[in-house]
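In this note's numbering, the protein residues as written are 4 to 396. All C-beta atoms, glycine included, are put in the ideal place defined by N, C-alpha and C. As the structure is a prediction and not an experimental result, all values here were calculated from the model. Reading through the structure tokens given below for one structure.
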Amino acid sequence: QAPMQRIADKAASWLVPVALLIAILAYLFTKNIITAVTVLVVFCPCALVLATPTAIMAAIGQATKHGVIIKSGEALEKMGKVDTIAFDKTGTLTYGRLDVSDIVVFDKAMSEIALLSLTASAEAKSEHPLGKAIVACARAKEVPVMESASFKMTAGRGIFTEIQGRKLLCGSEAFLRENGVSTGAAVRSVLEQLRAQGKASVLVADGQNCIGVIALSDVLRPEGKDMVADMHTRTVLLTGDHQRTADYFARQVGISEVRAELLPEEKVQAIEALQREHRNVCMIGDGVNDAPALKTADVSVAMGGMGSDIAVDAADVALMSDDISKIPYLKRLSNATVKTIQFSISLSMCINFVAIILSLMEVLTPTTGALVHNAGSCFVVLIAALLYDRKFE
Numbered sequence: 004q005a006p007m008q009r010i011a012d013k014a015a016s017w018l019v020p021v022a023l024l025i026a027i028l029a030y031l032f033t034k035n036i037i038t039a040v041t042v043l044v045v046f047c048p049c050a051l052v053l054a055t056p057t058a059i060m061a062a063i064g065q066a067t068k069h070g071v072i073i074k075s076g077e078a079l080e081k082m083g084k085v086d087t088i089a090f091d092k093t094g095t096l097t098y099g100r101l102d103v104s105d106i107v108v109f110d111k112a113m114s115e116i117a118l119l120s121l122t123a124s125a126e127a128k129s130e131h132p133l134g135k136a137i138v139a140c141a142r143a144k145e146v147p148v149m150e151s152a153s154f155k156m157t158a159g160r161g162i163f164t165e166i167q168g169r170k171l172l173c174g175s176e177a178f179l180r181e182n183g184v185s186t187g188a189a190v191r192s193v194l195e196q197l198r199a200q201g202k203a204s205v206l207v208a209d210g211q212n213c214i215g216v217i218a219l220s221d222v223l224r225p226e227g228k229d230m231v232a233d234m235h236t237r238t239v240l241l242t243g244d245h246q247r248t249a250d251y252f253a254r255q256v257g258i259s260e261v262r263a264e265l266l267p268e269e270k271v272q273a274i275e276a277l278q279r280e281h282r283n284v285c286m287i288g289d290g291v292n293d294a295p296a297l298k299t300a301d302v303s304v305a306m307g308g309m310g311s312d313i314a315v316d317a318a319d320v321a322l323m324s325d326d327i328s329k330i331p332y333l334k335r336l337s338n339a340t341v342k343t344i345q346f347s348i349s350l351s352m353c354i355n356f357v358a359i360i361l362s363l364m365e366v367l368t369p370t371t372g373a374l375v376h377n378a379g380s381c382f383v384v385l386i387a388a389l390l391y392d393r394k395f396e
């Protein structure tokens, strides 16, 4: 149930005994049983109880027509209160269709094809988009992909594996450093050049030596910039990418606040920090790494088409077409739903109040009172139904 529905149900539980009390008092003072019965008829809080679920059903139906799956009324209502939106980068602001753009070898005894083969073999069991893209590139070029003897992944950092007796590390610069692999000035210079171009990099180390780097480029979703501008809310980019890469993409879409090089648990901490600022946060992501952050946010949206099953399960809303331009639509729909519920509740209470006065004045009879009561319920349902076909584009 949406919070408003719980409030309405609680109010209804109080209105019933109040109605009984007014009906008893009306009979005692007027000695007219018809007046008492009329009060009971018109005071029944059907319209009040119907206001929230009918509006939410209509809004969810409207969203479904546009490829937006809303899992609960609570999520819909909370979306209307969101004032901060946090984005993941890969697969959310970008298409997540990564292509290998550069293969840089630091070991003179190794060729680019050999480095690609080793890296693809190491990443063959990885679920990370970068790893999958490297494996896809190797297979497209018919480069051999070997079986690994062992495989260990550190979420948001990199992987360790053994292939033909070689102990390989593939991941970020920080991951290699943590495992005792030093990167010299030449390696850092190459990385800076790639990051300035907005490319993601996977460093490859054999034992304690960094033997190469594979860079991947992603394509920004063209609707991203207009979507961010249309939101009129605080926007934050939360990504595991390097700061310069994150800054590059943030500038392209107009996001001014960037928090980069984050592990999955650090994304959670970033959202909790925003919530401590009394912000209502919506998190938008697509990967396994985003699932904890999606669960922590007040409202979460997952890319339903290409997103991982874990991310979709953790989220409150799924975009089945992976169209992030639907985010402003979702926000407008949520705002309209909340306003519709508030208006319907106010209308039902006003109708009940006026009907009670008319009943006590003996203007209404049980028959006309029943008509007024049913008219109130019909008005509430009709107002909610208008949400189903309203244009929010």
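Practice item. Report yes or no: do the stretch 330-338 and the stretch 64-84 share at least 3 C-beta pairs separated by less than 8 Å? Key: yes
Point to revise | Cutoff 8 Å; reference leucine 119; Cβ partners in own chain excluding five residues on either side | key: In the sequence shown, the residue the question calls residue 119 occupies position 116. Excluding residues within five positions, the ones whose Cβ falls inside 8 Å are Val103, Ile106, Ile137, Cys140, Ala141, Lys144, Val146, Ile217.
Exercise for review: Note down the Cα distance separating phenylalanine 178 from aspartate 86, rounded to an integer number of angstroms.
Suggested key: Position 175 of the sequence shown, counted from the first residue, corresponds to residue 178. Position 83 of the sequence shown, counted from the first residue, corresponds to residue 86. Approximately 35 Å between the Cα atoms of the pair.
**Study point:** Neighbour-count burial assignment, isoleucine 360, 16 or more Cβ in a 10 Å radius
**Key:** Taking the first residue of the sequence shown as position 1, residue 360 is located at position 357. By the neighbour-count rule (16 or more Cβ atoms within 10 Å), isoleucine 360 is not buried but exposed.
Exercise for review: Can you have a look at arginine 180 and say buried or exposed, based on whether 16 or more other CB atoms are within 10 angstroms of its CB?
Suggested key: For the purposes of this step, residue 180 is taken as residue 177 along the sequence shown, with counting starting at 1. Result: exposed.
**Study point:** Spatial neighbours of arginine 456 in its chain, beta-carbon cut-off 6 Å, leaving aside the 5 residues before and after
**Key:** For the chain, the structure presents residues 4 to 396; residue 456 sits outside this window and is missing.
Check your understanding: When the distance is taken between beta carbons, is leucine 51 closer than 7 Å to alanine 29?
Key -> Counted from its first residue, the sequence shown places residue 29 at position 26. Counted from its first residue, the sequence shown places residue 51 at position 48. Result no, Cβ atoms of alanine 29 and leucine 51 do not sit closer than 7 Å.
Point to revise | Alpha-carbon to alpha-carbon, alanine 203 and isoleucine 59 | key: For this step, residue 59 is matched to residue 56 along the sequence shown. For this step, residue 203 is matched to residue 200 along the sequence shown. Answer to the nearest angstrom: the Cα atoms are 42 Å apart.
Review point. Would you report the Cα separation of glutamate 365 and glycine 372, rounded to the nearest angstrom?
Key: The count along the sequence shown starts at 1 and reaches residue 365 at position 362. The count along the sequence shown starts at 1 and reaches residue 372 at position 369. A direct Cα-Cα distance of roughly 10 Å separates glutamate 365 from glycine 372.
Check your understanding: Taking Cβ positions, are proline 48 and glycine 99 nearer each other than 7 Å?
Key -> In the sequence shown, the residue the question calls residue 48 occupies position 45. In the sequence shown, the residue the question calls residue 99 occupies position 96. No; because the gap between Cβ atoms is not below 7 Å, this pair is not in contact.
Point to revise | Distance, valine 302 Cα to alanine 317 Cα | key: One-based indexing of the sequence shown puts residue 317 at position 314. One-based indexing of the sequence shown puts residue 302 at position 299. The alpha-carbon atoms of alanine 317 and valine 302 are separated by roughly 10 Å.
Point to revise | Local conformation of valine 146 per DSSP, three classes | key: Translated into positions along the sequence shown, residue 146 becomes position 143. Coil.
Check your understanding: Helix or strand or just coil, what does DSSP make of aspartate 102?
Key -> What you label residue 102 is simply residue 99 of the sequence shown in a count that begins at 1. Aspartate 102 falls in the strand class under three-state DSSP.
Review point. Sorted by chain position, which residues of the same chain lie with C-beta nearer than 6 Å to leucine 266's C-beta, five sequence neighbours on each side aside?
Key: Here residue 266 refers to the residue found at position 263 of the sequence shown. Counting only Cβ-Cβ distances below 6 Å, and skipping sequence neighbours, we find Gly159.
Point to revise | serine 349 versus lysine 155: straight-line alpha-carbon distance, rounded | key: Reading the sequence shown from its first residue, position 346 is the one you call residue 349. Reading the sequence shown from its first residue, position 152 is the one you call residue 155. For serine 349 and lysine 155, the distance between alpha carbons rounds to 58 Å.
Review point. Which residue comes first and which comes last in the beta strand (DSSP E) that contains isoleucine 287?
Key: As a working mapping, residue 287 is identified with position 284 in the sequence shown. Segment 284-288, the beta strand (DSSP E) holding isoleucine 287.
Exercise for review: Compute the beta-carbon to beta-carbon distance between valine 205 and glycine 174, rounded to the nearest angstrom, for a pair I have assumed lies under 8 Å.
Suggested key: Position 202 of the sequence shown holds residue 205. Position 171 of the sequence shown holds residue 174. Rounded, the Cβ-Cβ distance is 7 Å, consistent with contact.
Point to revise | Burial state of arginine 279, where buried means 16 or more other Cβ atoms lie within 10 Å | key: Residue 279 sits at position 276 when you count from the first residue of the sequence shown. By the neighbour-count rule (16 or more Cβ atoms within 10 Å), arginine 279 is not buried but exposed.
**Study point:** Start and end residues, alpha helix (DSSP H) containing cysteine 353
**Key:** The sequence position of residue 353 within the sequence shown is 350, counting from 1. First-last of the alpha helix (DSSP H) with cysteine 353: 329-363.
Review point. Are the Cβ atoms of alanine 26 and valine 42 separated by less than 7 Å?
Key: Within the sequence shown, numbered from 1, the residue matching residue 26 stands at position 23. Within the sequence shown, numbered from 1, the residue matching residue 42 stands at position 39. In contact: alanine 26 and valine 42 (Cβ atoms closer than 7 Å).
Exercise for review: Tell me, please, which residues DSSP counts as bridged to cysteine 213.
Suggested key: The sequence position of residue 213 within the sequence shown is 210, counting from 1. Answer is Ala208, bridged to cysteine 213.
**Study point:** Span of the beta strand (DSSP E), counted from its first residue to its last, around glycine 379
**Key:** To locate residue 379, count along the sequence shown from 1; it is residue 376. Secondary structure note for glycine 379: it is in no beta strand (DSSP E), and the uninterrupted alpha helix (DSSP H) holding it is 369-392.
Review point. Would DSSP call serine 75 helix, strand or coil?
Key: Counting from 1 along the sequence shown, the entry for residue 75 is found at position 72. Residue state, collapsed to three classes: coil.
Point to revise | Proximal residues to alanine 388 (C-beta, below 6 Å), its chain only, five neighbours per side dropped | key: As a working note, residue 388 is residue 385 in the sequence shown. Correct list, in chain order: Ala61.
Exercise for review: Ignoring anything shorter than 3 residues or poking outside the stretch 146-202, list the beta strand (DSSP E) runs there in chain order.
Suggested key: 153-157, 161-166, 169-174
Exercise for review: Please confirm if the stretch 256-264 is in contact with the stretch 217-229, defined as three or more CB-CB distances below 8 Å between the two stretches.
Suggested key: yes
Practice item. Could you tell me the distance, in whole angstroms, from the CA atom of asparagine 377 to the CA atom of methionine 323? Key: On the sequence shown, residue 377 is found 374 positions in, with the first residue counted as 1. On the sequence shown, residue 323 is found 320 positions in, with the first residue counted as 1. Each residue's alpha carbon lies about 39 Å from the other.
Practice item. Measure the C-alpha to C-alpha separation of isoleucine 166 and cysteine 213 and round it to an integer number of angstroms. Key: Your numbering for residue 166 matches position 163 in the sequence shown. Your numbering for residue 213 matches position 210 in the sequence shown. So the alpha carbons of these two residues sit roughly 16 Å apart.
Exercise for review: Could you tell me which of Val184, Lys170, Arg169 sits nearest to glutamate 176, measuring between CA atoms?
Suggested key: As a working mapping, residue 176 is identified with position 173 in the sequence shown. Residue nearest to glutamate 176 within the set Val184, Lys170, Arg169 is Val184 (criterion: CA-CA distance).
Practice item. With isoleucine 116 as the anchor, note down where its alpha helix (DSSP H) starts and where it stops. Key: Residue mapping note: residue 116 aligns to position 113 of the sequence shown, counting from 1. Note, isoleucine 116: alpha helix (DSSP H), 115-126.
Exercise for review: Inspect the beta-carbon positions of glycine 201 and phenylalanine 252 and report whether they are closer than 7 Å.
Suggested key: As a working mapping, residue 201 is identified with position 198 in the sequence shown. As a working mapping, residue 252 is identified with position 249 in the sequence shown. Closer than 7 Å, so yes.
Check your understanding: Does serine 175 have its Cβ less than 7 Å from a Cβ in chain D?
Key -> No chain D is present in this structure, which holds just one protein chain.
Review point. Is it buried or exposed for glutamate 126, if we count other Cβ within 10 angstroms and need 16 for buried?
Key: As a working mapping, residue 126 is identified with position 123 in the sequence shown. Under this definition glutamate 126 is a buried residue.
Check your understanding: Got a sec, what are the start and stop residues for the beta strand (DSSP E) valine 291 sits in?
Key -> Within the sequence shown, numbered from 1, the residue matching residue 291 stands at position 288. No beta strand (DSSP E) contains valine 291, which DSSP labels as neither H nor E.
Check your understanding: Taking Cβ positions, are serine 347 and isoleucine 386 nearer each other than 7 Å?
Key -> Taking the sequence shown and counting its residues from 1, the one referred to as residue 347 is at position 344. Taking the sequence shown and counting its residues from 1, the one referred to as residue 386 is at position 383. Cβ atoms of serine 347 and isoleucine 386: closer than 7 Å.
Review point. Closest by CA to valine 357, which one among Gly379, Thr340, Thr67?
Key: Taking the sequence shown and counting its residues from 1, one reaches residue 357 at position 354. Checking every option, the nearest Cα to that of valine 357 belongs to Gly379.
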